[in-house]
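Engineer: Quick one: structure below, then a few questions.
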Amino acid sequence: MGLHWFRFSFFLPFLLFAVPALGQAWVGQDLRLLLAFKSSADAQGASLSSWEGTNPCSGSWRGVRCRAGRVAGVVLDGASLVGGISSLLRLPHLELLSMRRNLLSGTMAALTALSNARLKYLFLSHNQFNGSLEISLPALVSLRLEGNGFSGDLRGLRLPNLQDLNVSGNSLSGEIPSYLSRFPASAFGLNPSLCGDPLPSCATTSPMLVTRATPSPTPSMASVCIRKALNKLRAVVVFAVGAGDAIIISVLLAIVVGMYLWISGRGGAAAAANRRTVDTSRPPETEREVWAGDGQKRDTGLVCFEGGEYLRLDCLLKASAEVLGEGDAGGTYKAALDDGLIVAVKRLDVSCFPAGKAFDQQMRVIGMVRHRNLVSLRAYYNAREEKLLVYDYLPNGSLHSLLQNRRGYARTGGPLDWNSRKKILIGAAQGLEFIHSFPSRSPLVHANFKPSNVLIDGGGDACVSDWGLMQIARSSRRRPSPSRQQLSLSPLPETDGSPATAAGWQRYRAPELMRGKRATQASDVYSFGMVMLEVVTDKEIGDGEAEEEVMRMVKIGMMCTKENPEERPAMSSVVRLIGDLL
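Numbered per mature numbering (1 follows the signal peptide of the UniProt record, and there is no 0), the sequence shown spans residues -23 to -1, 1 to 559.
What follows is the structure in structure tokens.
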């Protein structure tokens, strides 16, 4: 033993010196890369003046998020930054990079797992990037590149875990790879040379057909056209040296402006007539609405996120509506707007929620998160006397209604068989796991997971709704009678949110919540486990193979509902365990 102690004491001074030095080297690497970006993107220090000192994880650096002393996220939306982002992409522990609505430009070097092994979320919407897309990142789950100038095809995207994609509004071309066809057409819109599922087939698409089939340009399309034309004219002016050139330029400018005015007048009516579905890639009609689409407040007080740029508060308040349910947070209505669009509007009980910035901050976080198994928040309205949330409307009801046999699939009409149950469970688990893993200053939780908050989309997939609301609620709702002052309500005979249903939420709550503790990710896991046990045990299974799967599902549910929160698995483990059964 003396010999071992002698050896340890010999190396102890080295360890005491080396470990802190190694930590300083790691911090120094992040520091150098961040300062390199600052020097090129914000040379005057107007936006990144807080980037001072030697510790970017001190909490004072704008937009920098850290984990275990390393930079894990950089969020600098709308900061008027210029130049490239190559130095940021070299941050070895980077998981989230959000640089939307800046003036960033240049080409993007090939992104691979060798240099960006941890990157999960890449948001570069509405910048001036160009060049081809070569991205091979196994960890990436969300990619937002709309409103740039990328060109070429999409074959360079090799993203096996991608769950959210938008490349609309670029100059991409060629056929959409089959592994990307699961995303909606809106994810690829405004790329005239792109084709293939979910866009029109390449085999039947020709320039002539595209020209004839394209609707009249909307004012937003005209704005883009006029902007591009003026940019080209500026380039001509640089080389114009004679009076004759100046005259020619003036004539060209007059022609372009005239065309813009004609297109704008003609396209306005067409835009209103053609707007019928929630389109996450629809270009905003003005520069003000580009900001509104990323969670900025309009003059009316309605804060809109991506896909909600078309919404107007006066239209929402005049909309005819049907009651869908009454829950802990408030009442939910199916609202039919004048242009035929249908959305879900949740009217919160204002007495249960904080006012001002606390509410705004939580809604902006919720509005930023996008996943195929989460119901997207498109807009919200926050006033002292009224709080409204606008979501996508899903027509197939909730898991609660399916379990109660009150409503079948609206489109498929199919029963809630064993395969459907597994599909719903894995979708709900993936939605919860995405919430839990999303980078944030404080851990994100659902805080109210139950069958009525698991909605079913047109394909029978689960979409988790109402997450994050009860996390900031001061108390549960007292359930007053629904107000009819602004929304015209026509109650349905049955709703998912009856008082009896709401009271039933208690059986999904984790034991620690009954003792007054705050909701955590572990309490979400407990609630999911209770829902899982209900889904897999309320139906007799006759097939032997399915019976074995049921027993394995029950074991997973029992793991999730352990009394001690520390003994429950993380949602990432639950997703993996359920996935093994599919």
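Ideal placement from N, C-alpha and C gives every residue a C-beta, glycine not left out.
Taking only three categories from DSSP, how would you classify THR309?
Structural biologist: The answer is strand: DSSP assigns THR309 an E or B state.
Engineer: Given this structure, state the Cα-to-Cα distance separating ARG39 from TYR357, to the nearest angstrom.
Structural biologist: Taking the straight line from one Cα to the other gives about 26 Å.
Engineer: Using CA coordinates, which residue listed in SER35, SER163, GLY129, ARG398 is at the minimum distance from GLY437?
Structural biologist: Measuring from the Cα of GLY437, the nearest candidate turns out to be ARG398.
Engineer: At the level of alpha carbons, what is the spacing between ASN350 and GLN21?
Structural biologist: Rounded to the nearest angstrom, the two C-alpha atoms are 42 Å apart.
Engineer: When you compare only the Cα positions, how much space is there between LEU559 and GLN498?
Structural biologist: LEU559 and GLN498: Cα-Cα distance of roughly 25 Å.
Engineer: List the whole-angstrom C-beta distance separating HIS377 from ASP501, where the pair is believed to meet the contact cut-off of C-beta under 8 Å.
Structural biologist: Contact flag wrong, Cβ pair sits at about 17 Å.
Engineer: By how many angstroms is the C-alpha of LEU293 removed from the C-alpha of SER414?
Structural biologist: Spanning the two alpha carbons is a distance of roughly 33 Å.
Engineer: Could you tell me how far apart the beta carbons of residue 562 and ASN147 are, in whole angstroms, since I believe they sit closer than 8 Å?
Structural biologist: Outside the displayed span of the chain (-23 to 559) sits residue 562, for which this structure offers no information.
Engineer: What residue from LEU136, GLY151, CYS537 has the CA that sits closest to SER99's CA?
Structural biologist: A quick correction: the sequence has Leu, not Ser, at residue 99. Here the closest residue by C-alpha is LEU136.
Engineer: For the beta strand (DSSP E) containing LEU354, name the first residue and the last one.
Structural biologist: Where LEU354 is concerned, the enclosing beta strand (DSSP E) stretches over 354 to 359.
Engineer: Is the Cβ-Cβ distance between TYR370 and ALA321 less than 7 Å?
Structural biologist: Cβ distance < 7 Å, so TYR370 and ALA321 count as in contact.
Engineer: Excluding five sequence neighbours on each side, which residues of the same chain lie with their C-beta closer than 7 Å to the C-beta of ARG95?
Structural biologist: Hits under 7 Å: HIS70, LEU71, GLU72, ALA116.
Engineer: Name the residue from ASN425, TRP444, ASP174 whose alpha carbon lies nearest to the alpha carbon of MET507.
Structural biologist: Nearest of ASN425, TRP444, ASP174 to MET507, Cα basis: ASN425.
Engineer: In this structure, how does DSSP classify PHE165 when only helix, strand and coil are distinguished?
Structural biologist: Of the three classes helix, strand and coil, the one that applies to PHE165 here is coil, per DSSP.
Engineer: Using only CA atoms, which one of ARG47, ARG44, MET528 lies nearest to TRP395?
Structural biologist: The option with the nearest alpha carbon to TRP395 is MET528.
Engineer: I need the straight-line Cα distance from PRO420 to ARG42, nearest angstrom please.
Structural biologist: Those two C-alpha atoms are separated by around 13 Å.
Engineer: Check whether the Cβ atoms of VAL48 and ASP19 lie closer than 7 Å to each other.
Structural biologist: No, they are not a contact pair.
Engineer: Quick one: is GLY50 buried, meaning 16 or more other Cβ sit within 10 Å of its Cβ, or exposed?
Structural biologist: Label assigned to GLY50: buried.
Engineer: Could you tell me the alpha carbon to alpha carbon distance between ASP291 and GLU489, rounded to whole angstroms?
Structural biologist: Cα to Cα, ASP291 sits roughly 43 Å from GLU489.
Engineer: Which residue comes first and which comes last in the alpha helix (DSSP H) that contains SER63?
Structural biologist: Residues 63 to 66.
Engineer: Nearest by alpha-carbon distance to GLU283: which of ALA335, ALA332, GLU303, HIS348 is it?
Structural biologist: The shortest Cα separation from GLU283 among ALA335, ALA332, GLU303, HIS348 belongs to HIS348.
Engineer: Could you check whether the Cβ of PRO33 sits closer than 6 Å to any heavy atom belonging to the ligand GTP?
Structural biologist: Of ligands this structure carries none, so the ligand GTP is not represented either.
Engineer: I'd like the list of long-range same chain contacts for GLY126, defined as Cβ closer than 7 Å, with 5 residues on each side in sequence excluded.
Structural biologist: The answer, listed in chain order, is GLN105, PHE106, ASN107, ASN147, SER148.
Engineer: Hey, out of ASP515, TRP28, ALA306, whose CA is closest to LEU365's CA?
Structural biologist: When each option's Cα is compared against that of LEU365, the closest is ALA306.
Engineer: On the three-state DSSP scale, how would you describe GLY404?
Structural biologist: DSSP places GLY404 in helix when its eight states are reduced to three.
Engineer: Taking buried to mean at least 16 other C-beta atoms within 10 Å of its own C-beta, is ARG418 buried or exposed?
Structural biologist: When all chains shown are included, ARG418 counts as exposed.
Engineer: For VAL118 versus ASN93, is the C-beta spacing smaller than 7 Å?
Structural biologist: Going by C-beta atoms, VAL118 is not nearer than 7 Å to ASN93.
Engineer: What are the boundary residues of the beta strand (DSSP E) that includes THR514?
Structural biologist: Per DSSP, THR514 belongs to no beta strand (DSSP E); it is in the alpha helix (DSSP H), 498 to 514.
Engineer: Could you tell me which of ASN168, SER163, ASP130, ALA164 sits nearest to GLU152, measuring between CA atoms?
Structural biologist: Cα-wise, what sits closest to GLU152 is ASP130.
Engineer: Determine the burial state of TYR156: buried for a count of at least 16 other Cβ atoms within 10 Å of its Cβ, exposed for fewer.
Structural biologist: Exposed, since its Cβ has fewer than 16 Cβ neighbours within 10 Å.
Engineer: Could you check where the beta strand (DSSP E) with SER75 kicks off and where it finishes?
Structural biologist: Looking at the DSSP string, the run of the beta strand (DSSP E) that includes SER75 is 73 to 75.
Engineer: On the DSSP letters alone, give me the boundaries of the beta strand (DSSP E) that ARG341 sits inside.
Structural biologist: That residue, ARG341, is in no beta strand (DSSP E); its alpha helix (DSSP H) goes 334 to 345.
Engineer: Any idea if GLN140 is buried or exposed, counting beta-carbon neighbours within 10 angstroms, 16 or more meaning buried?
Structural biologist: Result: buried.
Engineer: Suppose you measure from the CA of LEU432 to the CA of GLN381; what does that come to, to the nearest Å?
Structural biologist: Between LEU432 and GLN381, the C-alpha separation is close to 14 Å.
Engineer: What does the alpha-carbon distance come out to for the pair LEU288 and ILE343?
Structural biologist: One C-alpha to the other measures close to 18 Å.
Engineer: If we ignore side chains and look at the alpha-carbon of each, how far apart do ALA164 and ASN359 end up?
Structural biologist: ALA164 and ASN359: Cα-Cα distance of roughly 29 Å.
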